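Data block below; observations after.
Numbering (the numbering used here), first residue to last: 13 to 127.
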């Protein structure tokens, strides 16, 4: 019964979303090419959008994500720590050790040196 309800809700939501996308565009004329072109004062772009970002930003971004994931897992761990005790401490220690290995590797590769 719950699966039937979920399927009905999903199909209704999908149908309503498609209808809301289709209704406003029904009576509108198709835009011309200058209206669809990217805004650059009418000119074509010289480079691809990804060319603007230097590769040196990516390792730092990956390290930031690693630290964010650490914090995301440590907040719920603080609640479970009271119930589980030493088992939770060992699990968090293993998690932090894996992250520390990643940080040592990044340090060895020179990620923290800014050129």
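We treat Cβ as the ideally placed atom computed from N, Cα and C, and that holds for glycine. Here the structure is a predicted model, which means the values were calculated and not measured.
Local conformation of residue i per DSSP, three classes
i           : result
residue 42  : coil
residue 59  : coil
residue 105 : helix
residue 34  : helix
residue 93  : helix
residue 21  : helix
residue 126 : coil
residue 120 : helix
Among the options, nearest to residue i - alpha-carbon criterion
i           : options         : result
residue 129 : 68, 41, 85      : As shown, the chain starts at 13 and ends at 127. That puts residue 129 outside it, with no answer to give.
residue 79  : 112, 22, 35, 26 : 112
residue 117 : 90, 89, 74, 106 : 74
residue 76  : 15, 115, 99     : 115
Neighbourhood of residue i by C-beta, 7 Å cutoff - its chain only, sequence neighbours within 5 removed
i           : result
residue 72  : 123
residue 106 : none
residue 47  : none
Proximal residues to residue i (C-beta, below 6 Å), its chain only, five neighbours per side dropped
i          : result
residue 31 : none
residue 88 : none
Residues near residue i by beta carbon distance below 8 Å, same chain, minus five either side
i           : result
residue 101 : 93
residue 86  : 104
residue 82  : 107, 108, 111
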